[in-house]
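Below: the structure, in structure tokens.
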Amino acid sequence: MHSSILSTLAAAGAAGGPPAWIQYLPFAAMAVIMWFLIIRPQMKQQKEHKAKLASITRGNEVVTGGGLVGKVIKVDETYAEVEIAANVRVKVVKSTIVEVMGVKPAND
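Shown next as structure tokens:
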């Protein structure tokens with residue numbers, strides 16, 4: 009009796025089941041949604057940040073990851089020297105610069 013129920017269910021499932029590729033369709037749809045909602049915007053944001061860091065020049069006002077705001081005095085390939093107060097200069101890694109705010113006004 010037990011084997012007859014299993015054989016009946018197996019025969020019913022094999023005869024009218026959907027194609028195998030339809031089972032993978034939700035996973036493919038989730039991958040596409042993840043690409044457009046998460047991965048693609050993040051890649052765009054990283055590209056913009058990299059362009060900002062490449063455009064840093066002497067005189068720009070920047071904000072570091074630690075929250076220090078200062079004026080760029082000297083720029084190197086990987087470092088930037090930032091003046092955070094009168095005659096107080098710190099050397100920061102360019103990748104830790106979060107925001108480039110532009111040129112500071114002349115009346116500092």
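Heads up: take any position in the sequence shown, counting from 1, add 8, and you land on this note's numbering. Backbone N, C-alpha and C fix where the C-beta goes; we use that ideal spot for every residue, glycine too. Values in this document were obtained by computation on a predicted structure and should not be read as measured data.
Worksheet item: Excluding sequence positions up to five away, which residues of its chain have a Cβ less than 8 Å from the Cβ of Gly-74?
Response: Thr-104
Practice item. Find the nearest neighbour of Arg-66 within the set Val-101, Asp-84, Ser-12, judged by alpha-carbon distance. Key: Asp-84
Open item on the list: Can you tell me whether Gly-78 is buried or exposed? The criterion is at least 16 other CB atoms within 10 Å of its CB, across all chains shown.
Closed with: buried
Exercise for the section: State buried or exposed for Asn-95, treating a residue as buried only when at least 16 other CB atoms are found within 10 Å of its CB. Expected result: exposed
* To do: Flag this pair as yes or no: are the beta carbons of Val-100 and Val-90 separated by less than 8 Å?
  => yes
Reduced DSSP secondary structure (H/G/I, E/B, other) of Thr-86
coil
| request: Take the Cβ of Ala-88 as the centre, count every other Cβ of all protein chains shown within 10 Å, and call the residue buried at 16 or more, exposed below. | output: buried
Exercise for the section: Leaving out five residues on either side along the sequence, give the residues of the same chain with a beta carbon under 8 Å from the beta carbon of Ser-63. Expected result: Val-108
If you reduce the DSSP assignment to three classes, tell me which class Thr-72 lands in.
strand
**OP:** In the DSSP assignment, find the alpha helix (DSSP H) that holds Lys-60 and state where it starts and stops.
**Re:** 48–62
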